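Using our numbering, you'd call the opening residue of the sequence shown number 307 and step up by one each time.
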Amino acid sequence: MLCRGRTPAGSLNVNIFITNHCPRKCSFCFARSRIGLSTEQESADIMSRENIRRVMDFLERSEEYQLRLLGGEPTTHPEFLDIVKEAMDRNFRVQIFTNGMLKQELTDALGDLPRDRLSFLCNVSPQAKDTEEQREQVRYTLKKFNGRVQVGVTLTGPSMDYRYLIDYIEKYNLLRRIRVGIAQPIVGPTRNSHLATAKYRETGKFIVAMALECVKKDILLGFDCGLTLCMFTEEEIGILTKSADGFRGLCDPIIDVGPGLDIWHCFPLAETLNSRLDHFRTRRQILNYYKKITMPYKQLGCMAECVSCVYRKRQQCTGGCLAHAMNSLNRFPPRIAPEPPGSAC
């Protein structure tokens, strides 16, 4: 997958899945069940301009003016540049979740757009085997957009060599932030590489060490959802408070919108509890709906220890990614979620 489709916990934004085509084959991709597939509502692998406009209308009703484009690799959408321009004409700020493998002519065209209206979250995880041509595309993208780019990485094991991320930031003058996520499983039969919960504590130690090294260079770590408080000691949580860009152990619905305007809680849950965008009038309604229908699963947590955990009882931590809890059951939740009461359709 291009990048994590997830957003910071508590975010009220919507991720728009405009194409399920991706040139990479990352082992950890939690959108694997969606990449290269079309549901029965989707006549193609791309979101139509009409549906994109419907999403923009929905966001305007929700009084939210950030358009978050992802996939797959969103920049492979054949009308990508026109989509970005139209969004800006409608006063949206556009954030692109990308692997950085843009064609040079598209990179140049995007570079001519207002700098304060366009930003990038570029996943440069080392797991995929990229060609030299693809690496050169990434380098050109980073050089072109520099301070508008935040790099991100997804951990599939308890450690990694992250020095290349620091090198990228310093060489191309990128945002001095690194987005760190841990690979989560997919609910259902589709399998991907993900971080085993047995390795969470070891991974927590690594994250703290990484944060301490990065802050020496005035680089802060930011975190995807799915981390648990028990990955860290209380002392380490204090270190992250000072040396990272915030940390929470809470799970909130992210909300991804597919090409056919189907919606789901987040990508690890993409094959369960799906609903439709036109069942709701605003983002807040979707948020409240998914909070309600996933609450029973949050009581389980991602590990057996979560049931008696004091952090969970205090609601300081929701027990990691819901995908772990759902996969631990003897049957998966239904593919289609119950229709919300008083739906807008």
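For glycine and all other residues, C-beta sits at the position ideal for the given N, C-alpha and C.
Please read all numbers here as calculations on a predicted model, not as lab measurements.
MET537 burial status per 10 Å Cβ neighbour count (16 or more: buried) = Walking along the sequence shown from the start, residue 537 turns up at place 231. The residue is buried, with at least 16 neighbouring Cβ atoms inside 10 Å.
Best match in ASN429, TYR506, HIS327 for proximity to THR382 [C-alpha to C-alpha] | Residue mapping note: residue 382 aligns to position 76 of the sequence shown, counting from 1. Among ASN429, TYR506, HIS327, the Cα nearest to that of THR382 is on HIS327.
With distances taken from CA atoms, which of VAL521, THR534, PHE553 is nearest GLY528?
-> In the sequence shown, the residue the question calls residue 528 occupies position 222. Here the closest residue by C-alpha is PHE553.
Applying the criterion that 16 or more other CB atoms from any shown protein chain within 10 Å of the CB defines a buried residue, is THR509 buried or exposed?
-> Residue 509 sits at position 203 when you count from the first residue of the sequence shown. Buried, since its Cβ has 16 or more Cβ neighbours within 10 Å.
Out of curiosity, what's the CA-to-CA distance linking GLU370 and LEU424?
-> For the purposes of this step, residue 370 is identified with residue 64 of the sequence shown, where counting begins at 1. For the purposes of this step, residue 424 is identified with residue 118 of the sequence shown, where counting begins at 1. The straight-line gap from Cα to Cα measures roughly 15 Å.
In three-state DSSP terms, what is THR496?
-> Locating residue 496 in the sequence shown gives position 190, where the first residue counts as 1. Of the three classes helix, strand and coil, the one that applies to THR496 here is coil, per DSSP.
For ASP530, does the three-state DSSP call read helix, strand or coil?
-> On the sequence shown, residue 530 is found 224 positions in, with the first residue counted as 1. Correct three-state label for ASP530: coil.
Cross-strand partners of ASP562 (DSSP beta bridge) | Numbered from 1 along the sequence shown, position 256 holds the residue referred to as residue 562. DSSP output for ASP562 lists ASN321, TRP570 as bridge partner(s).
Cα-Cα separation between PRO647 and ASP562, rounded to whole angstroms | For the purposes of this step, residue 647 is identified with residue 341 of the sequence shown, where counting begins at 1. For the purposes of this step, residue 562 is identified with residue 256 of the sequence shown, where counting begins at 1. So the alpha carbons of these two residues sit roughly 21 Å apart.
How long is the line joining the alpha carbons of ASP388 and SER634, rounded to whole angstroms?
-> Against the sequence shown, residue 388 aligns to sequence position 82. Against the sequence shown, residue 634 aligns to sequence position 328. For ASP388 and SER634, the distance between alpha carbons rounds to 44 Å.
Determine the burial state of MET601: buried for a count of at least 16 other Cβ atoms within 10 Å of its Cβ, exposed for fewer.
-> Residue numbering aside, residue 601 sits at position 295 when the sequence shown is read from its first letter. Classification for MET601: exposed.
For THR539, does the three-state DSSP call read helix, strand or coil?
-> In the sequence shown, counting from the first residue as 1, residue 539 sits at position 233. Coil at THR539, not helix or strand.
Could you give the C-beta distance for ILE472 and ILE513, rounded to a whole number, given that I count them as a contact under 8 Å?
-> For the purposes of this step, residue 472 is taken as residue 166 along the sequence shown, with counting starting at 1. For the purposes of this step, residue 513 is taken as residue 207 along the sequence shown, with counting starting at 1. With a Cβ gap of about 15 Å, ILE472 and ILE513 do not count as contacting.
Using the Cα positions of GLN621 and ASP418, report the straight-line distance between them to the nearest angstrom.
-> As a position in the sequence shown, residue 621 is number 315, starting the count at 1. As a position in the sequence shown, residue 418 is number 112, starting the count at 1. The alpha-carbon atoms of GLN621 and ASP418 are separated by roughly 46 Å.
Could you name the residues that DSSP lists as bridge partners for ARG374?
-> Numbered from its first residue, the sequence shown carries residue 374 at position 68. DSSP output for ARG374 lists ASN321, GLN401 as bridge partner(s).
What residue does the beta strand (DSSP E) around GLY487 start on, and which one ends it?
-> Stepping through the sequence shown from its first residue, residue 487 is reached at position 181. Following the DSSP letters along the chain, one finds GLY487 inside the beta strand (DSSP E) bounded by residues 483-488.
Residue ranges of each alpha helix (DSSP H) run of no fewer than 4 residues wholly in the segment 567-622, ordered along the chain?
-> 589-604, 616-619
Same chain only: Cβ atoms within 8 Å of TYR474, ignoring 5 sequence neighbours per side = Counting from one through the sequence shown, the residue named residue 474 turns up at place 168. Cβ neighbours of TYR474 beyond the five flanking positions: VAL430, LEU448, VAL457, LEU480.
heavy atom of the ligand GTP below 7 Å from PRO574 C-beta | The ligand GTP is not among the ligands present in this structure, which contains no ligands whatsoever.
Spatially closest choice to ALA415 from PHE386, ASN405, THR578, by CA coordinates = Here the question's residue 415 lines up with position 109 in the sequence shown. Of the listed residues, the one whose Cα sits closest to ALA415 is PHE386.
From the DSSP output, in three-state form, read off PRO647 for me.
-> Mapped onto the sequence shown, residue 647 falls at position 341. Three-state result, PRO647: coil.
Enclosing beta strand (DSSP E) for GLY458 [first to last residue] | For this step, residue 458 is matched to residue 152 along the sequence shown. Start and end: 455-461.
Can the beta-carbon of LEU427 be found closer than 8 Å to that of ARG497?
-> One-based indexing of the sequence shown puts residue 427 at position 121. One-based indexing of the sequence shown puts residue 497 at position 191. No.
Can you tell me which of the three DSSP states CYS326 falls into?
-> For the purposes of this step, residue 326 is taken as the residue at position 20 of the sequence shown. For the record, residue 326 in the displayed sequence is Asn; it is not Cys. Note: ASN326 maps to coil in three-state DSSP.
Below 8 Å on the Cβ atoms is my guess for LEU518 versus ILE545; work out the distance and round it to an integer in Å.
-> Within the sequence shown, residue 518 is the residue found at index 212, counting from 1. Within the sequence shown, residue 545 is the residue found at index 239, counting from 1. Indeed they touch by this definition, with Cβ atoms about 7 Å apart.
In the DSSP assignment, what residue or residues form a beta bridge with LEU408?
-> Here the question's residue 408 lines up with position 102 in the sequence shown. Partner(s): none; LEU408 has no beta bridge.
Assign GLN401 to buried or exposed, taking buried as 16 or more other Cβ atoms, counted over all protein chains shown, within 10 Å of its Cβ.
-> Working through the sequence shown from its first residue, we reach residue 401 at position 95. Per the 10 Å Cβ criterion, buried.
Please list, in chain order, all residues of the same chain as PRO329 whose beta carbon is under 8 Å from its beta carbon, the five residues on each side excluded.
-> Counting from 1 along the sequence shown, the entry for residue 329 is found at position 23. Contacts found: GLU379, THR382, ASN405, MET407, GLN440.
Alpha carbon to alpha carbon, how far is PHE444 from ARG482?
-> Here residue 444 refers to the residue found at position 138 of the sequence shown. Here residue 482 refers to the residue found at position 176 of the sequence shown. The sequence shown places Val at residue 444, rather than the Phe named in the question. Each residue's Cα considered, the two are about 18 Å apart.
Alpha-carbon to alpha-carbon, MET609 and ALA337 = Translated into positions along the sequence shown, residue 337 becomes position 31. Translated into positions along the sequence shown, residue 609 becomes position 303. Approximately 23 Å, taken between the alpha carbons.
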